[in-house]
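Visitor:
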Amino acid sequence: MKTLLFLSVASAACMAQDWPQFRGNPRMTGAVAEAGPAPPLKLLWTWEGGEAVESSAAIAGGSVYFGTASGELVAVDLATGKTQWKYKAGESIGESSPAVAGGLVYIGDLDGVVHAVRAADGKRVWSYKTASEVKASPVVTGGKVVIGSYDGTLYGLDAASGKLAWSVTTAGQIHSSAGVDQGIAYIAGCDGHLRGIRIADGKEVLVVKTDSYAAASPVIDNGRAYFATYDNEVLAVDLKTRRVLWRYQHPVRKFPYISSAALWEGLVILGGRDKMVHALDATTGKERWSYMTRARIDGSPLVAAGKVYLGGGDGRFYVFEARTGAKLWEWEAGASFTASPALSQGRLVVGTLDGRVLCLGVGAR
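Numbering (our numbering), first residue to last: 1 to 365.
Next comes the structure, spelled out in structure tokens:
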């Protein structure tokens with residue numbers, strides 16, 4: 001796997017050739033400094049599986065990894081879209097997105113099982129059974145796989161063996177994935193709390209009451225956590241003082257958020273079930289711009305060198321100017337998106353609810 005260099009600056013971007021996990025990096029920033037493809041984009045290849053792909057792709061070493069509603073973890077070639085291998089997990093894989101690290105691919109399924117398979121050939125290395133479905137995405141850090149389950153537990157599993165290192169029980173389901181910074185995993189739970197768990201030993205080191213059910217994953221940057229809730233709010237929390245710094249609500253449209261935010265150069269950018277793309281000032285929470293689409297947005301945006309890439313429930317894929325919100329490109333894909341795009345080598349990869357995985361870029365097919 002290629003080396004990843006993570007920046008700790010407020011731009012929250014990472015220099016990376018790969019996109020090895022949900023939101024691109026453990027801090028869940030959803031932003032990279034490298035340029036994405038310039039619009040107009042072309043459809044370079046299509047993979048067709050017949051069952052919905054809600055799982056957001058991971059890309060590492062020239063391979064694309066994603067889960068399907070038929071319960072398969074699939075690897076395809078980034079250059080051609082040809083299938084390299086398939087691994088049968090459970091009956092179905094929902095929103096859990098793969099993480100690739102140390103030659104292994106990790107994912108959760110709706111039977112409540114966390115799987116680790118070899119990236120080279122899809123052979124199973126280990127599996128671990130939780131007590132309920134797993135919709136969260138794994139984060140691999142500090143030699144552990146950190147992942148939550150609908151049984152209300154955050155698990156720390158040994159990345160090599162799958163053995164349980166620790167577990168932390170919360171008062172509600174865990175839908176969101178953990179944002180990780182400086183050895184602490186932060187989860188926004190369905191019990192109305194933001195928690196910080198020390199990865200080394202599983203000790204709970206932070207609890208902040210937010211009073212809001214959260215399905216979106218937190219972005220961690222510069223001592224703050226940013227995340228949206230099911231109660232029509234976007235929050236910023238100071239992790240040192242444990243205070244909620246600001247709350248944003250649209251003044252008119254009251255809808256839940258499922259989308260996890262991207263953080264780019266002082267902007268918190270996300271979609272909502274209000275059909276809108278929102279860009280908020282990371283310092284104040286004030287809206288900087290918004291754009292109305294035709295249907296709800298559950299997928300999360302990707303920001304690459306100042307451009308926002310996002311698929312919507314209206315079946316359209318959008319490209320915006322991150323600074324101003326100007327729409328640069330729009331394309332009708334023919335099916336809704338709930339998965340989020342991944343970027344590597346100038347190519348965007350994203351799944352659709354009609355069972356396709358699309359690769360968008362520039363140049364010849």
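Note that CB positions come from ideal geometry on N, CA and C, so glycine has one too.
All figures in this text were calculated on a predicted structure; none of them were measured in a lab.
1) So that I know if they touch, is there some Cβ in chain B lying closer than 8 Å to that of Gln84?
2) Could you pull the start and end residues of the beta strand (DSSP E) that Asp221 belongs to?
3) Near Gly172, which residues of its chain fall below 7 Å by C-beta distance, leaving aside the five closest residues on each side in sequence?
4) Quick one: any contact between the stretch 63–79 and the stretch 28–38, if contact means 3 or more CB pairs under 8 Å?
5) Would you report the Cα separation of Ala79 and Gly62, rounded to the nearest angstrom?
6) Return helix, strand or coil for Cys190, following the three-state DSSP convention.
7) Look at Leu348 and Tyr309 and say whether their C-beta atoms are less than 8 Å apart.
8) If you draw a straight line from the C-alpha of Ala160 to the C-alpha of Gly49, how long is it?
9) With DSSP collapsed to three states, give me the class of Val252.
10) Could you have a look at Ser55 and say whether DSSP puts it in helix, strand or coil?
11) Determine the closest residue to Asn222 out of Val207, Lys240, His193, with distance taken between C-alpha atoms.
12) To the nearest angstrom, report how far apart Gly315 and Gly81 are at their CA atoms.
13) Is Gly30 helix, strand or coil by DSSP?
14) Can you tell me whether Lys163 is buried or exposed, with buried defined as 16 or more other CB within 10 angstroms of its CB?
15) In whole angstroms, what separates the C-alpha of Leu137 from that of Gly299?
Guide: Well, looking at it:
1) Among the protein chains of the structure shown there is no chain B, as only one such chain exists.
2) Sequence index remark: in the sequence shown, residue 221 carries index 221 (1-based). Its beta strand (DSSP E) spans residues 219–221.
3) Here residue 172 refers to the residue found at position 172 when the sequence shown is read from its first residue. Only Gly152, Gly189, Cys190, Asp191 meet the Cβ criterion.
4) The answer is no - the stretch 28–38 does not touch the stretch 63–79, with fewer than three Cβ pairs under 8 Å.
5) For this step, residue 79 is matched to residue 79 along the sequence shown. For this step, residue 62 is matched to residue 62 along the sequence shown. Going by the C-alpha atoms only, they are around 7 Å apart.
6) Translated into the one-based positions of the sequence shown, residue 190 becomes position 190. In this structure, DSSP gives Cys190 a state outside helix and strand, which the three-state scheme calls coil.
7) Numbered from 1 along the sequence shown, position 348 holds the residue referred to as residue 348. Numbered from 1 along the sequence shown, position 309 holds the residue referred to as residue 309. In contact: Leu348 and Tyr309 (Cβ atoms closer than 8 Å).
8) As a first step, residue 160 must be located in the sequence shown, where it is residue number 160. As a first step, residue 49 must be located in the sequence shown, where it is residue number 49. Each residue's Cα considered, the two are about 30 Å apart.
9) Residue mapping note: residue 252 aligns to position 252 of the sequence shown, counting from 1. Val252 falls in the coil class under three-state DSSP.
10) The residue labelled residue 55 in the question sits at position 55 within the sequence shown. Ser55 falls in the coil class under three-state DSSP.
11) Translated into positions along the sequence shown, residue 222 becomes position 222. Here the closest residue by C-alpha is Lys240.
12) For the purposes of this step, residue 315 is identified with residue 315 of the sequence shown, where counting begins at 1. For the purposes of this step, residue 81 is identified with residue 81 of the sequence shown, where counting begins at 1. A direct Cα-to-Cα measurement between Gly315 and Gly81 gives close to 21 Å.
13) Walking along the sequence shown from the start, residue 30 turns up at place 30. Looking at Gly30 - three-state DSSP - the assignment turns out to be coil, as it is neither helix nor strand.
14) Walking along the sequence shown from the start, residue 163 turns up at place 163. Label assigned to Lys163: exposed.
15) In the sequence shown, the residue the question calls residue 137 occupies position 137. In the sequence shown, the residue the question calls residue 299 occupies position 299. Checking the sequence shown, residue 137 turns out to be Ser, not Leu. If you draw a straight line from the Cα of Ser137 to the Cα of Gly299, it comes to about 14 Å.
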